[in-house]
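Accompanying notes for the structure given below.
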Amino acid sequence: MIVCKTPEEVLDQVRLWKAQGKRIGFVPTMGFLHEGHAYLFEECISKADKTVVSIFVNPAQFNDPEDYAKYPVNTEGDLKLCESKKVDLVFLPDKETIYPDGIPDIVLKIPNLMKSLCAVSRPGHFEGVLLVISRLFHFVQPDFAFFGKKDYQQYLLIREFCNTLAFPIEVIGCETVRSSQGLALSSRNSRLSETEKEESLLIYRSLKLGENQIFSGIKNPLLVKEIMKDVLDSSSKIRLDYLEILNADTLAPLEVLEGEILLAIAAFIGPVRLIDNLTLSVPTS
0 MIVCKTPEEV LDQVRLWKAQ GKRIGFVPTM GFLHEGHAYL FEECISKADK TVVSIFVNPA
60 QFNDPEDYAK YPVNTEGDLK LCESKKVDLV FLPDKETIYP DGIPDIVLKI PNLMKSLCAV
120 SRPGHFEGVL LVISRLFHFV QPDFAFFGKK DYQQYLLIRE FCNTLAFPIE VIGCETVRSS
180 QGLALSSRNS RLSETEKEES LLIYRSLKLG ENQIFSGIKN PLLVKEIMKD VLDSSSKIRL
240 DYLEILNADT LAPLEVLEGE ILLAIAAFIG PVRLIDNLTL SVPTS
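All residue numbers for the sequence shown refer to numbering that gives the first Met the number 0, where the first residue is 0 and numbers rise by one.
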């Protein structure tokens, strides 16, 4: 496994592979890797000839400096996991490498997909995501890029970003990996106590209850949201950020629960903010 610290090293290796006719797959991460990331690596390896993983905690996407400071780091463990999963190259830049002149004063937006969910509750977050992704894509020049659908809005934004700017990259969304009890795997889970992990299972239970209500024939999104919210309100440890039911393709609000549907929740368990979602396909009547 090759470990690179600079864009020049990455580009040299990628160009060599491309000259050999190899297709490049890319998985951008912020490190503190877990089995959810490992699944992305496996999906990448199954489709691409060479797999590149980046590990970079991007300061531009944190609207809370304290959240950035507390983001967990385990570089040694991350490299071991990458090697065990047969990743070909790990790009391990520092902040000065990605932003040599500081974080630039440029705003990247896709307004129609940034009117709800994390775009509203975390102002500036996705502008920072699109900024770092645009740079990483230039450095790695992948044919495929893989993103987990736990961050569903991020996946849609990056896919639309590539389409709009004609990046020759196929953006592939991968299903959420969960614990045996249903908790979506996240680097932030490491900051939860055992009691808080138990409480956090209510997020998935709420989503599954919403799914069951919709498939039972309920068409009113407000009614389903109230039923889902009751599950979360049963715990004093959960502070709801948002609970939304939207069109899964456009993130527009729904008046009738038909077609492609996204159920999305963000909630604080103690000081830790977690997100999760389910997508459903409901036949139109």
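Idealized CB from N, CA, C, for every residue including glycine.
Everything numeric in this text was worked out from a predicted model, so none of it was measured.
Handout entry: the segment 135-153 contacting the segment 1-17, beta-carbon criterion three pairs below 8 Å
Key = Judged by Cβ distances under 8 Å, the segment 135-153 makes contact with the segment 1-17, as three or more pairs qualify.
Handout entry: Which residues DSSP lists as bridging Tyr241, in chain order
Key = The residue labelled residue 241 in the question sits at position 242 within the sequence shown. In the DSSP output, where bridge partners are listed per residue, Tyr241 has Ala265.
Handout entry: Selection from Lys236, Ser233, Leu242 that minimises the alpha carbon distance to Lys224
Key = Residue 224 sits at position 225 when you count from the first residue of the sequence shown. Shortest Cα-Cα distance from Lys224 to any of Lys236, Ser233, Leu242 involves Leu242.
Practice task
For Asp100, count neighbouring C-beta atoms within 10 Å of its own C-beta (all shown protein chains included) and say buried if the count is 16 or more, exposed if not.
Solution key: What you label residue 100 is simply residue 101 of the sequence shown in a count that begins at 1. It counts as exposed.
Problem - Check whether Gln60 and Leu130 have beta carbons under 9 Å apart - result: Taking the first residue of the sequence shown as 1, we reach residue 60 at position 61. Taking the first residue of the sequence shown as 1, we reach residue 130 at position 131. Their beta carbons are under 9 Å apart, which means Gln60 touches Leu130 by this criterion.
Practice task
Helix, strand or coil for Val170, going by three-state DSSP, please let me know.
Solution key: Position 171 of the sequence shown, counting from 1, holds the residue named residue 170. Reduced to three states, the DSSP call for Val170 is strand.
Problem - Same chain, Cβ closer than 6 Å to Ile109, neighbours up to 5 away in sequence not counted - result: Mapped onto the sequence shown, residue 109 falls at position 110. The answer, listed in chain order, is Leu156, Glu159.
Exercise for the section: Within the segment 185-241, note down every full alpha helix (DSSP H) run reaching 4 residues or more, in order along the chain. Expected result: For the segment 185-241, whole alpha helix (DSSP H) runs of length 4 or above, ordered along the chain, are 193-214, 220-232.
Problem - Residue from Glu7, Lys207, Ala68 with nearest C-alpha to Leu261 - result: Residue mapping note: residue 261 aligns to position 262 of the sequence shown, counting from 1. Of the listed residues, the one whose Cα sits closest to Leu261 is Lys207.
Handout entry: DSSP state of Leu250 mapped onto helix, strand, coil
Key = Translated into positions along the sequence shown, residue 250 becomes position 251. Looking at Leu250 - three-state DSSP - the assignment turns out to be coil, as it is neither helix nor strand.
Handout entry: Endpoints, alpha helix (DSSP H) assigned at Val128
Key = Stepping through the sequence shown from its first residue, residue 128 is reached at position 129. In this chain, the alpha helix (DSSP H) harbouring Val128 covers 124-139.
Practice task
For Gly76, count neighbouring C-beta atoms within 10 Å of its own C-beta (all shown protein chains included) and say buried if the count is 16 or more, exposed if not.
Solution key: Position 77 of the sequence shown, counted from the start, is the residue given in the question as residue 76. With fewer than 16 other CB atoms across the displayed protein chains lying within 10 angstroms of its CB, Gly76 is exposed.
Handout entry: Among Leu231, Ser83, Gly269, Ser179, nearest to Arg187 - alpha-carbon criterion
Key = Numbered from 1 along the sequence shown, position 188 holds the residue referred to as residue 187. Of the candidates Leu231, Ser83, Gly269, Ser179, the residue whose Cα lies closest to the Cα of Arg187 is Gly269.
Handout entry: Beta carbon of Ser83 nearer than 9 Å to that of Asp240
Key = Indexing the sequence shown from 1 puts residue 83 at position 84. Indexing the sequence shown from 1 puts residue 240 at position 241. No, the Cβ-Cβ distance between Ser83 and Asp240 is not below 9 Å.
Problem - Neighbour-count burial assignment, Asp87, 16 or more Cβ in a 10 Å radius - result: Along the sequence shown, read from residue 1 onward, the residue named residue 87 stands at position 88. Asp87 should be labelled buried.
Exercise for the section: Throw me the rounded Cβ distance for the Leu279 and Glu198 pair, which I believe falls under 8 Å. Expected result: Taking the first residue of the sequence shown as 1, we reach residue 279 at position 280. Taking the first residue of the sequence shown as 1, we reach residue 198 at position 199. In this structure Leu279 does not touch Glu198 by the C-beta definition: roughly 25 Å separates them, more than the 8 Å allowed.
Handout entry: 9 Å Cβ cutoff met for Thr74 and Lys4
Key = In the sequence shown, residue 74 corresponds to position 75, counting from 1. In the sequence shown, residue 4 corresponds to position 5, counting from 1. In this structure, Lys4 does not lie closer than 9 Å to Thr74 by Cβ.
Problem - Whole-angstrom distance between Ser284 and Lys218, CA atom to CA atom - result: On the sequence shown, position 219 is the one that residue 218 refers to. On the sequence shown, position 285 is the one that residue 284 refers to. Lys218 and Ser284 have their C-alpha atoms roughly 10 Å apart.
Practice task
With DSSP as the reference, label Asn276 as helix, strand or coil.
Solution key: Mapped onto the sequence shown, residue 276 falls at position 277. DSSP places Asn276 in strand when its eight states are reduced to three.
Handout entry: Neighbourhood of Leu80 by C-beta distance below 7 Å, restricted to the same chain and skipping five residues each side
Key = Numbered from 1 along the sequence shown, position 81 holds the residue referred to as residue 80. Only residues of its own chain outside the window of five on either side were considered, and among them Leu32, Ala37 have a CB closer than 7 Å to the CB of Leu80, listed in chain order.
Exercise for the section: Quick one: residues in its chain with C-beta nearer than 6 Å to the C-beta of Leu250, no 5 flanking neighbours on either side, listed in chain order? Expected result: Stepping through the sequence shown from its first residue, residue 250 is reached at position 251. Correct list, in chain order: Leu112, Ser115.
Practice task
Identify which residue in Asp275, Gln12, Pro220 has its Cα closest to the Cα of Lys148.
Solution key: By one-based count along the sequence shown, residue 148 stands at place 149. Taking each of Asp275, Gln12, Pro220 in turn and checking the Cα distance to Lys148, the smallest one comes out for Asp275.
Handout entry: Three-state secondary structure (DSSP) of Ser284
Key = Counting from 1 along the sequence shown, the entry for residue 284 is found at position 285. Residue state for Ser284 is assigned as coil, using DSSP reduced to three classes.
Exercise for the section: Could you tell me the boundaries of the alpha helix (DSSP H) in which Ala37 lies? Expected result: Locating residue 37 in the sequence shown gives position 38, where the first residue counts as 1. First-last of the alpha helix (DSSP H) with Ala37: 34-46.
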